[in-house]
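Presented below is the structure to which this report refers.
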Amino acid sequence: MHRIGVFVCHCGTNIAATVDVKAVAEAMKQEPSVVFSVDYQYMCSEGGQTLIQDTIKEHKLTGVVVCSCSPRMHEATFRKAAAKAGINPYMVEIANIREQCSWIHKDIMSATDKAIILARTAIAKVQLNAPLTAGESPVTKRALVIGGGIAGMQTALDIAEAGFEVDIVEKQPTIGGKMTQIDKTFPTLDCASCILTPKMVDCSQNEKIHIYAYSEVVEVNGFVGNFTAKIKKKARYVDTTKCTGCGICTEKCPQKKVPNEFNLGLNNRRAIYIPFAQAVPKVATIDADYCTMLKTGKCGVCSKVCTAGAIDYKQQDEIIEERYGAIVAATGYNPIKIDKYDEFAYSQSKDVVTSLELERLMNAAGPSNGTLIRPSYLDKQDDHRAHPKTIVFVQCVGSRSCDDCGKSYCSKICCMYTAKHAMLIREKYPDTDVYVFYIDVRTPGKLFDEFYRRAVEQYGVHYIKGMVGKVSPRPDGNLDVQASDLISNEQLHINADLVVLATAIEPDQTARSVATMLRASMDTNDFFTEAHAKLRPVESPTAGVFLSGVCQGPKDIPETVSQASAAAAKVIGLLAKDKLTGNPCVAHSDELMCNGCSACEKVCPYGAITYSDKEFRQPDRTVAIRRVAAVNEAVCQGCGACTVACPSGAMDLKGFSNKQIMAEVDAICK
Amino acid sequence: MVYSYYPGCTLKNKAKDLDRYARLSAQALGITLEEIENWQCCGGVYPMAKDEIATKLSSVRALADAKAHGRDLITLCSACHNVLKQVNNDMLTDEDICTRANNYLKLDEEYHGETKVIHFLEMLRDVIGFDALKEKVTNPLTGKKIGAYYGCLLLRPGKVMQMDDPENPKIMEDFIRAIGAEPVIYPMRNECCGGYVSLEDKEAAAKRRNAVADSAAGFEAELMVTACPLCMYNLKKNDSNVPVYYFTELLAEALGVKEN
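Which chain is which? The protein sequence lines are D and X, in order.
Taking our numbering, the leading residue of the first sequence gets -17, the next gets one more, and so forth.
Taking our numbering, the leading residue of the second sequence gets 105, the next gets one more, and so forth.
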């Protein structure tokens, strides 16, 4: 016979204002097996928890029902309290009389009646509860970081620093990410390469870090502490152990007309290439889409000039399988495609560029070696019109958009990088007129607003509140920018020779497939969702999966690095454990009832069910062999799909057995 | 192919050429245009007020008539095309407007936006095909540099018109290529010419039309083509002296069916 205690929480006025908590406590005293029932102002407080513990000891309780908020909120709190008083934590049940009762009802009478029913339901369930013990699983002390940009590198470096092995998987031929393409960084204006490339070198030299560049994660299985991942090393057609990165092949390759993605197509590269001088790993890669040898079998120049003998036209993709305890998504971002914004004439004029393209046009390693040249004059740089004299920046292109073309969110980084661009141009070319059209200037952040004001006050950048309506190429090749000045209420026409679009950013196109593999959730914009927007910002709701950088939401470099380190701290916390305690509320198959039909195996999303042949003694003392299901408790997540699918009722969920649920239904219907 | 045809009132008066050359060309292309019986003026302007029903009814009648004949509905005038497509979209997507329009009209069968409205240009592109049209051209306008003038109504709102990209369209340029001429792309081709204010604010209308014509002339267009009678009325007075034609006139000429 159970001895049950019932504790009814006021939650201040959250519950007590709508539910007569004293009446609920009083009514519960009449329920079978209830030996104690009381109401209390805050059950989750220290006083409330002590009350539970004292009552358990004093009244020798075997079961506890707390009528309070959602179990998502405090189930763990009350279980822990009960365990301290010496009873099994799974003998605690919560009746949710806040979210499912007081918050959604107005009438005290009916809300109280409902609270009584909910409490009675929990009592009915706890009568059938059995003590449960959580299983343990070991932790593989190795982390996987998907994405080798500044976010992934920082996370990997921090994890390695703590002494754990970590693998970076990067789909590009080099690590470094978007930051490699950026010229200077705000608000300090230090050169991006100068602060980034040492970190890239640190990654490659760290003994604990293994870089899989030009690789992709293709399959992930397992669960927190025990993931296995398949990594596809794409064929580079170059033996990375032999290639010295001398670059002679990239100079001799006769295929010269390949758009150079590192410079965003502003110039060309060869079919065999090293993305940029500081690439890590610094090895060549053959672009199979353009290589004449791979396409027609006739060429082989790179092979002939390579003194290291590293070229291997027969190289195949390679699949590597590795085990991990934790996985970090650091898949980053891309500027959106702006072909839907044709009012800005991006597809009609070369001199309309995105901000990232401008970074390349201003970078010493860019197509114009750092001299700002209009893209339409890149091959005639001596022309006096090659240098832009009037530049118009358009902010919020695709951000904060209320139509279908763009993104509803603010991309967050554009106000600052536009101020940076405007300032750098005025600094280097003081005879240039620079206009910035904005809806709002958003510059929160340490030294950020000061930075923007410097652009306006010291550098004389013309900031105009208003939007550009149309950019029209003129017959002379210049651009007519038509815009509105909202403050003076005037229509403006500016004869510009370069227009820069502050393009919205969006998660990388691979993010969705990575999320699917990791079973991590995403929002409607394909940003990874965090486990809690405020309190667990670097964890995915999927245990063992962590988030680093822009894949979780738009961020600048300082914020990305902070989040990357925070994600690393969470990974280190996980990998530092030798064993993980699992969830005991998992499925269990009654072998005597199982008929081996495989229905449960088919519906299990985690692959937790296996079948084996087992010997059973029959009533007539003979032995028969039957095929029966068995659940791997470490893999089972307790979703309950198998218990519904099982036709013979052999499959049951511990803590949520069919019997318990029917008892709850009976209690509600009584 | 037989289509219901909604000419609209301007095509019976000021814009007779737009209508006449379309009919001649359609005949040459094997398309039959069946003019809707007893059609009424569409109003020329789509009413933006949510509770304005009366001015939408004539469009609904035309749309329902096409449905009764089981045909798609072809329009030619930019304004009619705009109003008919927008009203049709209302009947399809706005339950309130649809119910009230049906209550007013008491048609034999209720109308819920079933008819497909297509512009004559869309028919050329999607039914005939510009490549096939090119083959039917007997008198190509070789060497002519033509600026397509879309104006404000033909393509917008883009989601409802579903005709082409409103900011960087190409349907008229493809048409110009099909009749053997050379399209000139100029920035003002999809801007309003100011025609709507040509009676009340002559100065504004003149400023806008000259901006359009200057833009076309700046990119060396010899002439402009339009599908809109109001644009024609306003644009033809431009100071750059760029001649303006209805696209159907050039089509008829290219097909060799233009009477002199």
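A virtual CB, placed ideally from N, CA and C, is assigned to each residue, including glycine.
- Residues V106, Y107, S108, Y109, H173, R175 of the same chain have their beta carbon placed closer than 8 Å to that of X/E138, with the five preceding and five following residues left out of the count.
- For D/T563 and D/G117, the gap between their C-alpha atoms comes out near 6 Å.
- In the structure shown, the three-state DSSP call for D/V443 is coil.
- Cβ contact annotation for X/R204 (same chain, cutoff 8 Å, sequence separation greater than five): I157, in chain order.
- DSSP places D/Q82 in the helix class (H, G or I) of the three-state scheme.
- Where X/E199 is concerned, the enclosing alpha helix (DSSP H) starts and stops at 199 to 209.
- Put simply, the backbone Cα of D/E13 is about 59 Å away from that of D/L139.
- A contact between stretches requires three or more CB pairs, one per stretch, nearer than 8 Å, and the region 72 to 85 of chain D meets this requirement with the region -9 to 0 of chain D.
- Three or more Cβ pairs drawn from the region 185 to 202 of chain D and the region 123 to 137 of chain D lie within less than 8 Å of each other, which places the two stretches in contact.
- The C-beta of D/R367 comes no closer than 9 Å to any C-beta of chain X.
- Residues of chain D whose Cβ lies closer than 9 Å to the Cβ of X/D269 are, in chain order, D321, K322, D324.
- Per DSSP, the unbroken beta strand (DSSP E) holding D/T210 starts and ends at 208 to 215.
- Here DSSP, grouped into helix, strand and coil, assigns D/D149 to strand.
- Note that the C-beta distance between X/E326 and X/K248 is below 9 Å.
- Looking only at D/M633, D/I213, D/T0, D/V(-12), the smallest Cα-Cα distance to D/Y22 is reached by D/V(-12).
- Residue environment: D/R54 is assigned as exposed (fewer than 16 neighbouring CB atoms within 10 Å of its CB, all protein chains considered).
- Taken through DSSP and simplified to helix, strand or coil, D/D321 comes out as coil.
- In the three-state scheme derived from DSSP, where H, G and I count as helix and E and B as strand, D/R424 is classed as coil.
- In summary, the residues of the region 247 to 273 of chain X whose CB is separated from some CB of chain D by less than 7 Å are D269, E271, N272, in the order they occur in the chain.
- For X/V348, the enclosing beta strand (DSSP E) begins and ends at 348 to 350.
- Collapsing the DSSP output to three states places X/I178 in a strand.
- Runs of alpha helix (DSSP H) with 4 or more residues, each lying fully within the region 186 to 261 of chain X, are found at 199 to 209, 234 to 240, listed in chain order.
- Residue contact check for D/D462 against chain X: a CB pair falls below 9 Å.
- A Cβ-Cβ distance of about 10 Å is found for the pair D/T137 and D/A308, leaving them out of contact under the 8 Å criterion.
- Contact annotation: in the region 390 to 414 of chain D, no residue has its CB less than 7 Å from a CB in chain X.
- Counting along the chain, D/G204 sits inside the beta strand (DSSP E) bounded by residues 197 to 205.
- Within a 10 Å sphere around the beta-carbon of D/V647 sit fewer than 16 other beta-carbons, which makes this residue exposed.
- Identification of residues in the region 445 to 478 of chain D having a C-beta nearer than 8 Å to some C-beta of chain X yields K452, S454, P455, R456, P457, D462, given in sequence order.
- When Cβ-Cβ separations below 9 Å define contact, X/P291 makes contact with chain D.
- By the CB criterion at 9 Å, D/D149 and D/K216 fall outside the cutoff.
- At least 9 Å separates the CB of D/A486 from every CB of chain X.
- Nearest to D/Y323 by alpha-carbon distance, out of X/N272, X/Y208, X/N186, X/K341, is X/N272.
- With contact defined as three or more Cβ pairs closer than 8 Å, the region 453 to 466 of chain D and the region 325 to 337 of chain D are in contact.
- Within chain D, the residues P457 have their CB atoms less than 8 Å from the CB of X/F323, given in chain order.
- By the CB criterion at 9 Å, D/L468 and D/V481 fall outside the cutoff.
- For D/S329, the neighbours in chain X by C-beta distance under 9 Å run, in chain order, N272.
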